[in-house]
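K.L.:
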Amino acid sequence: MAIQVSGITKRFNDFTALDSVELEVKSGELLALLGPSGSGKTTLLRIMAGLESPDGGGLLLNGEEALGLKPRDRQVGFVFQHYALFRHMTVFENVAFGLKVRPRGQRPGASEIKRRVTELLELVQLSPFAGRYPVQLSGGQRQRVALARALAIEPKVLLLDEPFGALDAKVRKELRRWLRKLHDDIHITSVFVTHDQEEALELADRVVVMNQGRIEQIGTPAEVYDHPASAFVYEFLGQVNRFDCTVEGGIARVGDGALAIPTQGGVQGPAVAYVRPHDLGVTPASAGPARISGIHVVGPDARIDIDLAGLTLEAEMDRERLATLGIAAGDRCAIHIDRARVFAR
Amino acid sequence: MVAAADSDGPLAGKGRAVTVRAPVAHFRKPSVLPGFGLTLGFTLSYLSIIVLVPLAALIVRSSGLGWSGFWSAVTTPRVLAAFEVSFGLSFAAALTNAVFGFLVAWVLVRYDFPGKRLVDALVDLPFALPTAVAGIALSALYAPNGWLGKPLNELLGLKVAFTPLGIAIALTFIGLPFVVRTVQPILQDLPPEEEEAAASLGASRLQTFGSVILPAILPALVTGFALSFARGVGEYGSVIFIAGNMPGLTEILPLLIVIKLEQYDYAGAAAVGTAMLGVSFVMLLILNLLQQWMRSRHAR
Numbered sequence: 001m002a003i004q005v006s007g008i009t010k011r012f013n014d015f016t017a018l019d020s021v022e023l024e025v026k027s028g029e030l031l032a033l034l035g036p037s038g039s040g041k042t043t044l045l046r047i048m049a050g051l052e053s054p055d056g057g058g059l060l061l062n063g064e065e066a067l068g069l070k071p072r073d074r075q076v077g078f079v080f081q082h083y084a085l086f087r088h089m090t091v092f093e094n095v096a097f098g099l100k101v102r103p104r105g106q107r108p109g110a111s112e113i114k115r116r117v118t119e120l121l122e123l124v125q126l127s128p129f130a131g132r133y134p135v136q137l138s139g140g141q142r143q144r145v146a147l148a149r150a151l152a153i154e155p156k157v158l159l160l161d162e163p164f165g166a167l168d169a170k171v172r173k174e175l176r177r178w179l180r181k182l183h184d185d186i187h188i189t190s191v192f193v194t195h196d197q198e199e200a201l202e203l204a205d206r207v208v209v210m211n212q213g214r215i216e217q218i219g220t221p222a223e224v225y226d227h228p229a230s231a232f233v234y235e236f237l238g239q240v241n242r243f244d245c246t247v248e249g250g251i252a253r254v255g256d257g258a259l260a261i262p263t264q265g266g267v268q269g270p271a272v273a274y275v276r277p278h279d280l281g282v283t284p285a286s287a288g289p290a291r292i293s294g295i296h297v298v299g300p301d302a303r304i305d306i307d308l309a310g311l312t313l314e315a316e317m318d319r320e321r322l323a324t325l326g327i328a329a330g331d332r333c334a335i336h337i338d339r340a341r342v343f344a345r
Numbered sequence: 001m002v003a004a005a006d007s008d009g010p011l012a013g014k015g016r017a018v019t020v021r022a023p024v025a026h027f028r029k030p031s032v033l034p035g036f037g038l039t040l041g042f043t044l045s046y047l048s049i050i051v052l053v054p055l056a057a058l059i060v061r062s063s064g065l066g067w068s069g070f071w072s073a074v075t076t077p078r079v080l081a082a083f084e085v086s087f088g089l090s091f092a093a094a095l096t097n098a099v100f101g102f103l104v105a106w107v108l109v110r111y112d113f114p115g116k117r118l119v120d121a122l123v124d125l126p127f128a129l130p131t132a133v134a135g136i137a138l139s140a141l142y143a144p145n146g147w148l149g150k151p152l153n154e155l156l157g158l159k160v161a162f163t164p165l166g167i168a169i170a171l172t173f174i175g176l177p178f179v180v181r182t183v184q185p186i187l188q189d190l191p192p193e194e195e196e197a198a199a200s201l202g203a204s205r206l207q208t209f210g211s212v213i214l215p216a217i218l219p220a221l222v223t224g225f226a227l228s229f230a231r232g233v234g235e236y237g238s239v240i241f242i243a244g245n246m247p248g249l250t251e252i253l254p255l256l257i258v259i260k261l262e263q264y265d266y267a268g269a270a271a272v273g274t275a276m277l278g279v280s281f282v283m284l285l286i287l288n289l290l291q292q293w294m295r296s297r298h299a300r
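Those protein sequences? They're chains A and B, same order as listed.
For the first sequence, the working numbering begins at 1 and goes up steadily by one.
For the second sequence, the working numbering begins at 1 and goes up steadily by one.
#1: DSSP state of A:Leu280, grouped into three classes?
#2: Can you round the beta-carbon distance between B:Ala132 and B:Gln184 to whole angstroms, since I take them to be within the 8 Å contact cut?
#3: At what residues does the beta strand (DSSP E) containing A:Leu59 begin and finish?
#4: I'd like to know whether the C-beta atoms of A:Leu308 and A:Ile335 end up nearer to each other than 8 Å.
#5: Quick one: measure Cβ to Cβ for A:Asp318 and A:Asp301, integer angstroms, because I've assumed they're closer than 8 Å.
#6: Please go through the same chain and pick out, in chain order, the residues whose beta-carbon is closer than 6 Å to the beta-carbon of A:Arg345, but skip the five residues on each side of it.
#7: Given a limit of 8 Å on CB to CB distance, which residues of the region 98-118 of chain A reach chain B?
#8: What residues in the region 57-75 of chain A have a beta carbon less than 9 Å from any beta carbon of chain B?
#9: Quick check on DSSP: helix, strand or coil for B:Ala3?
#10: When Cβ atoms are compared, which residues of the region 75-94 of chain B fall closer than 7 Å to chain A?
#11: At 8 Å on the CB atoms, spell out the chain B contacts of A:Arg142, in chain order.
#12: To the nearest whole angstrom, what separates the beta carbons of A:Val76 and A:Val157, a pair I think is in contact under 8 Å?
#13: Distance cutoff 8 Å, beta carbons only. Does A:Lys10 sit that close to anything in chain B?
#14: If you measure from the beta carbon of B:Pro191 to each beta carbon in chain A, is any gap under 8 Å?
#15: Pull up the DSSP beta-bridge partners for A:Pro270, would you.
#16: Across which residues does DSSP place A:Gln6 in a beta bridge pair?
#17: Where B:Gly244 and B:Ala140 are concerned, what is the direct C-alpha to C-alpha distance, given to the nearest angstrom?
#18: Considering only residues of the same chain and omitting the five flanking positions on each side of B:Tyr236, which have a CB-CB separation below 8 Å?
#19: Between A:Phe15 and A:Gly326, what straight-line distance do the alpha-carbon atoms span, to the nearest angstrom?
#20: If you pair each beta-carbon of the region 195-207 of chain B with each one of the region 56-76 of chain A, do three or more pairs fall below 8 Å?
#21: Scan the region 195-228 of chain B for residues whose Cβ lies nearer than 8 Å to a Cβ of chain A and list them as they occur along the chain.
#22: My guess is that B:Val233 and B:Phe87 are in contact by the Cβ rule of under 8 Å, so how many angstroms apart are they, rounded?
#23: Could you give the distance in angstroms between the alpha-carbon of B:Ile217 and the alpha-carbon of B:Leu261?
#24: Between A:Leu51 and chain B, is any beta-carbon pair separated by less than 8 Å?
#25: Can you list the residues of chain B that A:Ala84 reaches, using a CB-CB cut of under 8 Å?
#26: For A:Val157, list the residues DSSP reports as bridge partners.
#27: Pull out every residue of the region 146-173 of chain A whose Cβ sits closer than 9 Å to any Cβ of chain B, in chain order.
#28: For A:Ile47, does the count of other Cβ atoms within 10 angstroms reach 16, so buried, or fall short, so exposed?
#29: Give the DSSP bridge partners of A:Phe86, in chain order.
#30: List the residues of chain B that A:Phe232 touches, going by C-beta distances under 8 Å, in chain order.
#31: Quick check: A:Ala329 and A:Ile295, are their CB atoms within less than 8 Å of each other?
#32: Can you find a CB in chain B that lies within less than 8 Å of the CB of A:Arg80?
Listed below in structure tokens is the structure:
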């Protein structure tokens, strides 16, 4: 089912959480709402679920006006960051809840409920835990119960609010892969909220980058990473070196001409240039303009701090390349930039 | 104490030639918190001095009657009727409080309205008011010529003062804060996500209330009920003014004890007190076990 958000606006007192947001979620896709805290991504998700009502705008679920519908009538599965499992119910009862509360005519029989719940618990690989209470489960297991519970009502749309936010790094990664695989199997239209750019880029079919209640860019992970539409998107997606510069005739000059970077596009005058650490090349040069102030080895990669006429830059390369260059902290070096993005200031 | 807890740990003495001491049979689980002996000792002596010794004195005093004397003292029709009045009406009042006290707590937690602080403070008044004052006020109000007693009598034919109904009203009055104050904090801490989850799963408000909210606050509600009930059983001051104190009909147990004392029947008074103590203890124990069972269902 497709979701159509048109001109949704939401204010909390003086704070504008959403400022006429336009968005279309395609049927069967896995979409990420990515942004820093306070960017309005969770509010947008809660409006889709009916847990929050907007001050203006429209919302279509599968072509039908949905703002007048109560959450229970929207056929939307919602997964909360902190699971929100019913504490006094077992795993089985939690998953069965959505089926048991149906009106008498639509409620499946006890054996049918048992069959469906058993099937769902198999899907989330929690069959042996059916009789346990939520407090007896780990965070990752609880989140999978929450997912099974949301899927039990056969929702048309699955909405996930920071689903991995409360989990530790390793479990988060596992669960991420697992969710992607699950989505490939059942193809339910899904929207998840995250502030973790790695999570959004790895998991989603399309990423919506949000900032201060507005959408900055919508695109595939490759599009938003390689062709960021704004300075904000560039800065938010991954590590970045930022220079204030002046662009004249396609050349961005940094500082007192210490660095000249070729640019594309029609930007002229004062601007901001962004360079990813892995696009910053370093070559040893005894009379070079820059100095290496530190080298930090992190797993297979090396992070190199460079001092260039008072600017602190960061370069990244693998350890093999570092060994080939044979540079050490304190050496002088030259730097060259393969790729930079310039935005007018 | 800490050393003993260390030495019988699972790894004690492994791989090294140390004297392995036989594990000490533990009365308690090993804990990192110090001062178990001191605090338990203090707790027991304090409880003994404040609670157990006076109660023991009561039982000793009544034991002078002998078993058959005790039995005949507490099974006279007048005493049995007073038992029925005291426990029955306390139970009814506590039940009323459980329902309406919950409602008050719900309104105070869930809604914002002008004068909320004032209403919140009002709830505690029955705690602060001398019970005799409450009793006099209530009996004046509900007397056949009182502000409320008169219309109730004329319109509905309902007599409140000097009937069991009056006693129930007095007990409801003094027991209300117990329910409100025990339920309020639990309701406050209830995460809204669970209700939102229930709503998005298709539950109606009523279903959400019955299957999500009520089970979460039920232990607190039972505590409030038990406190209100216990307070009602022991209440004296507010009841004697509104009750009319007719033996066998509106005479409560505490009053009966006072009457026996005035007649210098100390052993009889002690016997009734002991019987009351026994019944109260058993009922509170049952309520406690009930609560423990409810908690164990989701806090294992």
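The beta-carbon is built from N, C-alpha and C at its ideal position, and this holds for glycine as well.
P.N.:
Checking against the coordinates, here is how it stands:
#1: Locating residue 280 of chain A in the first sequence gives position 280, counting from the first residue. In the structure shown, A:Leu280 falls within a strand segment according to DSSP collapsed to helix, strand and coil.
#2: Taking the second sequence and counting its residues from 1, the one referred to as residue 132 of chain B is at position 132. Taking the second sequence and counting its residues from 1, the one referred to as residue 184 of chain B is at position 184. B:Ala132 to B:Gln184, Cβ: 28 Å. No contact.
#3: Numbered from its first residue, the first sequence carries residue 59 of chain A at position 59. Per DSSP, A:Leu59 belongs to the beta strand (DSSP E) from 56-61.
#4: As a working mapping, residue 308 of chain A is identified with position 308 in the first sequence. As a working mapping, residue 335 of chain A is identified with position 335 in the first sequence. Going by C-beta atoms, A:Leu308 is nearer than 8 Å to A:Ile335.
#5: The residue given as residue 318 of chain A occupies position 318 in the first sequence. The residue given as residue 301 of chain A occupies position 301 in the first sequence. The Cβ separation is near 6 Å, so the contact holds.
#6: Here the question's residue 345 of chain A lines up with position 345 in the first sequence. Result list for A:Arg345: Pro270, Ala271, Val272, in chain order.
#7: Residues of the region 98-118 of chain A that bring their beta carbon within less than 8 Å of a beta carbon in chain B comprise Gly98, Val101, Arg102, in sequence order.
#8: Flagged, chain order: Lys70, Pro71, Arg72, Asp73, Arg74, Gln75.
#9: What you label residue 3 of chain B is simply residue 3 of the second sequence in a count that begins at 1. Only weak support is given to the placement of B:Ala3: the predicted model assigns it a pLDDT of 40, under 50, and the value that follows is read from those uncertain coordinates. Three-state DSSP puts B:Ala3 in a helix.
#10: none
#11: Taking the first sequence and counting its residues from 1, one reaches residue 142 of chain A at position 142. Result: empty, since nearest Cβ-Cβ is about 12 Å, beyond 8 Å.
#12: Stepping through the first sequence from its first residue, residue 76 of chain A is reached at position 76. Stepping through the first sequence from its first residue, residue 157 of chain A is reached at position 157. That pair is a contact at about 5 Å.
#13: Here residue 10 of chain A is taken as the residue at index 10 of the first sequence, counted from 1. Closer than 8 Å: no.
#14: The residue given as residue 191 of chain B occupies position 191 in the second sequence. Judged by the 8 Å Cβ criterion, B:Pro191 is in contact with chain A.
#15: For the purposes of this step, residue 270 of chain A is taken as residue 270 along the first sequence, with counting starting at 1. A:Thr246.
#16: Within the first sequence, numbered from 1, the residue matching residue 6 of chain A stands at position 6. Reading off the sequence, residue 6 of chain A comes out as Ser, not Gln. Answer by DSSP bridge pairing, in chain order: A:Gly58.
#17: Within the second sequence, the letter at position 244 stands for residue 244 of chain B. Within the second sequence, the letter at position 140 stands for residue 140 of chain B. Spanning the two alpha carbons is a distance of roughly 13 Å.
#18: Here residue 236 of chain B refers to the residue found at position 236 when the second sequence is read from its first residue. Closer than 8 Å at the Cβ level, and outside the excluded window around B:Tyr236, lie Thr131, Ile252, Pro254, Leu255, Val258.
#19: The sequence position of residue 15 of chain A within the first sequence is 15, counting from 1. The sequence position of residue 326 of chain A within the first sequence is 326, counting from 1. Approximately 53 Å between the Cα atoms of the pair.
#20: yes
#21: Glu196, Ala197, Ala198, Ala199, Ser200, Leu201, Gly202, Ala203, Ser204, Gln207, Ser211, Val212, Pro215, Ala216
#22: As a first step, residue 233 of chain B is located in the second sequence; it is residue number 233 there, counting from the start. As a first step, residue 87 of chain B is located in the second sequence; it is residue number 87 there, counting from the start. Indeed they touch by this definition, with Cβ atoms about 6 Å apart.
#23: Start at 1 with the first residue of the second sequence, and residue 217 of chain B comes out as number 217. Start at 1 with the first residue of the second sequence, and residue 261 of chain B comes out as number 261. Going from the Cα of B:Ile217 to the Cα of B:Leu261 covers about 43 Å.
#24: The count along the first sequence starts at 1 and reaches residue 51 of chain A at position 51. At a cut-off of 8 Å between beta carbons, A:Leu51 contacts chain B.
#25: Taking the first sequence and counting its residues from 1, the one referred to as residue 84 of chain A is at position 84. Per Cβ cutoff of 8 Å: Pro191, Glu193, Glu194, Glu196, Ala197.
#26: The residue you call residue 157 of chain A lines up with position 157 of the first sequence. Answer by DSSP bridge pairing, in chain order: A:Val76, A:Thr189.
#27: Ala146, Arg149, Ala150, Ala152, Ile153, Pro155, Leu159
#28: In the first sequence, counting from the first residue as 1, residue 47 of chain A sits at position 47. Counting Cβ neighbours within 10 Å, A:Ile47 comes out buried, since at least 16 surround it.
#29: Position 86 of the first sequence, counted from the start, is the residue given in the question as residue 86 of chain A. Answer is none; A:Phe86 lacks a bridge partner.
#30: For the purposes of this step, residue 232 of chain A is taken as the residue at position 232 of the first sequence. None at all; the shortest Cβ gap to chain B is about 30 Å.
#31: On the first sequence, position 329 is the one that residue 329 of chain A refers to. On the first sequence, position 295 is the one that residue 295 of chain A refers to. Yes, the pair counts as a contact, with Cβ atoms nearer than the cut-off.
#32: Working through the first sequence from its first residue, we reach residue 80 of chain A at position 80. Sequence check: residue 80 of chain A is Phe here, not Arg. For A:Phe80, a Cβ of chain B is located within less than 8 Å of the residue's own Cβ.
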